[in-house]
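Asks: This is the structure I want to talk about, given as structure tokens.
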Amino acid sequence: MLQIIFALLGVSLFFHFFWKKAGPNLPPGPKPLPIVGNIRDMPPTGAPEYQHWLKFKDTYGPISCVTLFGQTLIIIHDRDAAHDLFEKSSTKTSGRPQLHFASKLCGYGVLLSFQQYNATYRLHRKLVHRQLGTKAVASRFHDIQDIESRRFLLRVLDSPVGLMEHIKTEASAIILRIIYGYSIASHTADPLVLLIERMMHGVSLAFVPLAWLVDTLPILEYLPEGLPGMSFRKVARKCNEITHMVIEAPYAFVRQQMANGTHRVSYVSSLVAQHTNDDGKNDKLDESSENAIKRTAAIMYAGGADTTVSSISSFILAMILFPEVQKKAQEEIDNVVGVDRLPQFEDRDSLPYVSALVKETLRWLPVTPLGASHATDEDINYGEFHIPKGAILLPAIWWFLHDPQTYSDPSSFDPDRYLEPRNEPDPANDSFGYGRRICPGRFLADDSLFITISRLLGAFDIEKAVDNLGNKIDPKMEATAGLISRPLDFPYSIKPRSARHVELIRSVEIEHPWEKGSDASLLKGDFSMV
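Written out as structure tokens, the structure is:
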């Protein structure tokens, strides 16, 4: 058996190296080794990938290239080129890389963000767009965001040391209520919140292009697990189990609630109801429709929470490092809103500096510093370069948002850059993706960022932490590796601005008392792995 496997492995290597030779006029890059390609030029494990590829811009120019076992990776540090390729040529570049580890072994390939551009993708995208795809539709959820952002402030007030956990709880509470009508446990760890975190950690690692050898040599999947280098099998198995739970458990919860007549209106319940006959039976909900509902719900609940957590964490770090920005934003809030209430969605147009601060949060430490990689569906000639079919395209989002030709003093957190007279470009044009792959939940995410950031600024002072000797601690500006990036843990101090602000924060206990969490016992699955 082993002889057959190794023979097939040899054939696979032959195919990749001799049949998929580099075509003419590829973008420049380091010289590849025989067979393995640029294996020595890949990002080191644990380091932010965008920092590694940034060196290629300086050495090889704004468009560079590496190969690994015949797979071509194009790194794009030219913003205009990215928009040309992903928007003007979107019919050729809306595919996703065929990442065997992430898509097949981990099971992520059935989820909207990672599907190939085909009829299934278009159906799933259409469902999400109807529920979240415009500002007007997203505004239907302002009441949920209002209540959960106030509860977030209360959690911070009662337990400031748990700020980062409170951010996760708020983001999860909002998205779970919208998607499933599910209320999280108010003061204890909720299984679905933990499940989100586990899944998105796996996603962030799995979708780093060419990070897993099995992506370029899928035959490795069939080698005995005990061989060296086969540890990916165990990782993938665990990720697949969690992915299955993310898709099935909360969906089954909604169906059980609907059967009991105790469900809330949500994304899932609304779509299921559309397929229900007058007698209450779901004869019209075929397997394809049911999969579309449960899988689109899963990616919205997983991705929507994780990206919001990353952005709010970056905002907290920025307020510590740039206290003058915090002070200016608080002055605007005090002048417009006063001290007798918290900022509301309706205040946004009257808070231009705070709105600009939200934009700057997206730019300063982008959630996906290398975006979500695309793949070419056919050969492309772009300028002097030839990009072969099946190439992975990696947009250097971090660089686009830190290019000094576009953003003055890009390392500074400066909301004024978006206001008159400077009017620098809105980072949302890059941070939410491109063309047919632009984030369908961007309006909901933007609303959540505004209401959370404006209320944190209005109610709290965020400062440097102090050590035992009374010295202020300077936090380091370091980010995690992976598809989704966030600041590494850093010290902070957060305190209410006044006694009046404490009263405002605590008023949510009277106006919106803590609800009993949804009955997690209705969730089907083995949550011991979480």
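My numbering runs 278 ahead of the 1-based position in the sequence shown.
No residue lacks a Cβ here, since even glycine has one placed at the ideal position from N, Cα and C.
For clarity, every value in this text was computed on a predicted model and none was experimentally measured.
For the 8 Å Cβ check, are there 3 or more pairs between the stretch 741-752 and the stretch 766-773?
Replies: Segment contact: the stretch 741-752 against the stretch 766-773, three or more CB-CB distances shorter than 8 Å; contact assigned.
Asks: Can you check whether the CB of residue 416 is closer than 7 Å to the CB of residue 710?
Replies: no
Asks: Look at residue 381 and residue 373 and say whether their C-beta atoms are less than 7 Å apart.
Replies: no
Asks: Which residues does DSSP list as the beta-bridge partners of residue 741?
Replies: 771
Asks: Assign residue 423 to one of three DSSP states: helix, strand, or coil.
Replies: helix
Asks: With a 10 Å radius around its C-beta and 16 neighbouring C-beta atoms as the bar for buried, classify residue 502 as buried or exposed.
Replies: Exposed.
Asks: When the distance is taken between beta carbons, is residue 583 closer than 7 Å to residue 474?
Replies: yes
Asks: Considering only C-alpha positions, which residue in the set 491, 588, 728 is nearest to residue 447?
Replies: 588
Asks: Using only CA atoms, which one of 571, 538, 616, 436 lies nearest to residue 399?
Replies: The residue among 571, 538, 616, 436 with its C-alpha nearest the C-alpha of residue 399 is 571.
Asks: What would DSSP say about residue 598, mapped onto helix, strand or coil?
Replies: helix
Asks: Could you tell me if residue 647 is buried or exposed, where buried requires 16 or more neighbouring beta carbons within 10 angstroms of its beta carbon?
Replies: buried
Asks: Measuring only the C-alpha atoms, how far is residue 469 from residue 459?
Replies: 15 Å
Asks: Between which two residues does the beta strand (DSSP E) holding residue 664 run?
Replies: Segment 663-665, the beta strand (DSSP E) holding residue 664.
Asks: For a test of the three-state rule: what should DSSP assign to residue 782, helix, strand or coil?
Replies: helix
Asks: Spatial neighbours of residue 549 within its chain, please: C-beta separation below 7 Å, excluding the five flanking residues on both sides.
Replies: 405, 571
Asks: Counting C-beta neighbours from all protein chains within 10 Å, is the total for residue 455 16 or more, i.e. buried, or is it exposed?
Replies: buried
Asks: Between residue 586 and residue 449, is the Cβ-Cβ spacing less than 7 Å?
Replies: yes
Asks: Pick out whichever of 787, 736, 536, 426 has its Cα sitting closest to the Cα of residue 604.
Replies: 736
Asks: Using a 10 Å radius around the Cβ and a threshold of 16 neighbouring Cβ atoms, would you call residue 500 buried or exposed?
Replies: It is exposed - the Cβ of residue 500 has fewer than 16 other Cβ atoms within 10 Å.
Asks: Run through the stretch 434-499 for me and flag every whole alpha helix (DSSP H) of 4 or more residues, listed as ranges in chain order.
Replies: 441-458, 469-484, 491-494
Asks: Looking at C-alpha atoms only, which residue of 785, 755, 384 is the closest neighbour of residue 593?
Replies: For residue 593, the closest of 785, 755, 384 by C-alpha to C-alpha distance is 755.
Asks: If we count the other Cβ atoms within 10 Å of its Cβ and call it buried at 16 or more, is residue 494 buried or exposed?
Replies: buried
Asks: Using only the alpha-carbon positions, how far apart do residue 790 and residue 620 sit?
Replies: When the Cα atoms are used, residue 790 and residue 620 turn out to be separated by approximately 15 Å.
Asks: Measuring CA to CA, which of 391, 341, 479 is closest to residue 308?
Replies: 341
Asks: Return yes when the Cβ of residue 452 is within less than 7 Å of the Cβ of residue 423, no when it is not.
Replies: Yes, they are a contact pair.
Asks: Regarding residue 697 and the ligand GDP, is the C-beta to nearest heavy atom distance less than 6 Å?
Replies: As for the ligand GDP, it is missing from this structure, which has no ligand bound.
Asks: Give me the DSSP bridge partner(s) of residue 660.
Replies: 663
Asks: Pull the bridge partners of residue 375 from the DSSP assignment, please.
Replies: DSSP, once it has assigned bridges, lists no residue as partnering residue 375.
Asks: Threshold first: 4 residues or longer. Then list the alpha helix (DSSP H) segments lying entirely within the stretch 632-696, N to C.
Replies: 675-678
Asks: Tell me, to the nearest whole angstrom, how far the beta carbon of residue 645 is from that of residue 629; I am working on the premise that it is less than 8 Å.
Replies: The pair is not a contact, with the Cβ atoms about 23 Å apart (cut-off 8 Å).
Asks: Going along the chain, which unbroken runs of the alpha helix (DSSP H) with 4 or more residues stay wholly within the stretch 322-356?
Replies: 327-338
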